[in-house]
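Undergrad: Quick note, the numbering used here runs 173 ahead of the 1-based positions in the sequence shown. The beta-carbon is built from N, C-alpha and C at its ideal position, and this holds for glycine as well.
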Amino acid sequence: MHRFALFARVLLILGHGATAQVAPAAFDTTDFHQLAPLTTATRTHYQVPYRGTGIYIEQMPTFEGGIEGLLCFLHQNNQLSQPGNEYPSGKVFVGFIVDTAGHVQGAQILKGLHPALDAEALRLVNLLSGRFTPGRQNKRPVAVPFTLPIQFPATMPTGRKQLKRFKRCASSFTANTR
174 MHRFALFARV LLILGHGATA QVAPAAFDTT DFHQLAPLTT ATRTHYQVPY RGTGIYIEQM
234 PTFEGGIEGL LCFLHQNNQL SQPGNEYPSG KVFVGFIVDT AGHVQGAQIL KGLHPALDAE
294 ALRLVNLLSG RFTPGRQNKR PVAVPFTLPI QFPATMPTGR KQLKRFKRCA SSFTANTR
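Structural data, given as structure tokens:
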């Protein structure tokens, strides 16, 4: 009996809320003017040219040896990585595109630190050319934009396992291969 009374009260309250809505105001068209139709001469079509680069990629390009291989390669080939040099320490951000063949194209400094460090970062990124497996979209290779931060002076791995892996892969990369 109490359940029925509770159900009836809830139904009554919900039903009352549905009927207590305000009717919409009448639409007054006296203040509106008729606009002329848009002709084809005044239409503007904006098209962004497709350059073959993707933002969302099913399979991103990978460097041979993965992230650790990339870090090893950068550390091994960095000529300004010694701590204590006259250059400031920090990161240089380099933007580039990995094309459909795995080559680096259009490398440019996005955020620089010092002209010598910027030049070294560009040199390092250009050495990466041809060492990437290209990205894929719909099972076809596509060009993918990348941003790579390069640390100056280069930091060494700190853990024992990381240091062991770093020494192992550092011997496999040189600037003269490929």
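(1) Is it buried or exposed, H175, if we count other Cβ atoms within 10 angstroms and call 16 or more buried?
(2) Roughly how many angstroms separate the alpha carbons of E231 and K312, rounded to a whole number?
(3) Quick one, which of I323, F269 and A181 has its alpha-carbon nearest G263's?
(4) Write down the C-beta distance between V265 and V271 rounded to the nearest angstrom, noting that I regard them as a contact closer than 8 Å.
(5) Does the beta-carbon distance from F305 to F236 come in below 7 Å?
(6) What is the residue span of the alpha helix (DSSP H) that A292 lies within?
(7) Less than 7 Å between C-beta atoms, sequence neighbours within five positions excluded: which residues of the same chain meet that for Y260?
(8) Mapping DSSP to helix, strand and coil, what is R309?
(9) Following the continuous beta strand (DSSP E) through G303, name the residue where it begins and the one where it ends.
(10) Using only CA atoms, which one of M233, A181 and R182 lies nearest to P314?
(11) Count the other CB atoms, across all protein chains shown, that sit within 10 Å of the CB of A181; report buried if there are 16 or more and exposed otherwise.
(12) Could you tell me how far apart the beta carbons of G268 and L283 are, in whole angstroms, since I believe they sit closer than 8 Å?
(13) Going by beta-carbon coordinates alone, are P307 and G275 separated by less than 7 Å?
(14) Given a cut-off of 7 Å on the beta-carbon distance, is the pair L300 and N250 in contact?
TA: Reading from the atomic positions:
(1) Residue environment: H175 is assigned as exposed (fewer than 16 neighbouring CB atoms within 10 Å of its CB, all protein chains considered).
(2) Approximately 9 Å between the Cα atoms of the pair.
(3) The residue with the shortest Cα to Cα distance from G263 is I323.
(4) Taking the Cβ atoms as the reference, V265 lies roughly 18 Å from V271, outside the contact range of under 8 Å.
(5) Yes. Within cutoff.
(6) Here the alpha helix (DSSP H) through A292 covers P288 to L300.
(7) Short of 7 Å from the beta carbon of Y260, and not among the five residues preceding or following it, lie these beta carbons of its own chain, in chain order: L253, H287, A289, L290 and F325.
(8) In the three-state reduction of the DSSP assignment, R309 falls in the strand class.
(9) Per DSSP, G303 is not a residue of any beta strand (DSSP E), being assigned neither H nor E.
(10) Here the closest residue by C-alpha is M233.
(11) Classification of A181: exposed, given that the 10 Å Cβ count is below 16.
(12) With 8 Å as the limit, G268 and L283 qualify as a contact, their Cβ atoms being about 5 Å apart.
(13) Closer than 7 Å, so yes.
(14) The criterion of a C-beta distance shorter than 7 Å is satisfied by L300 and N250.
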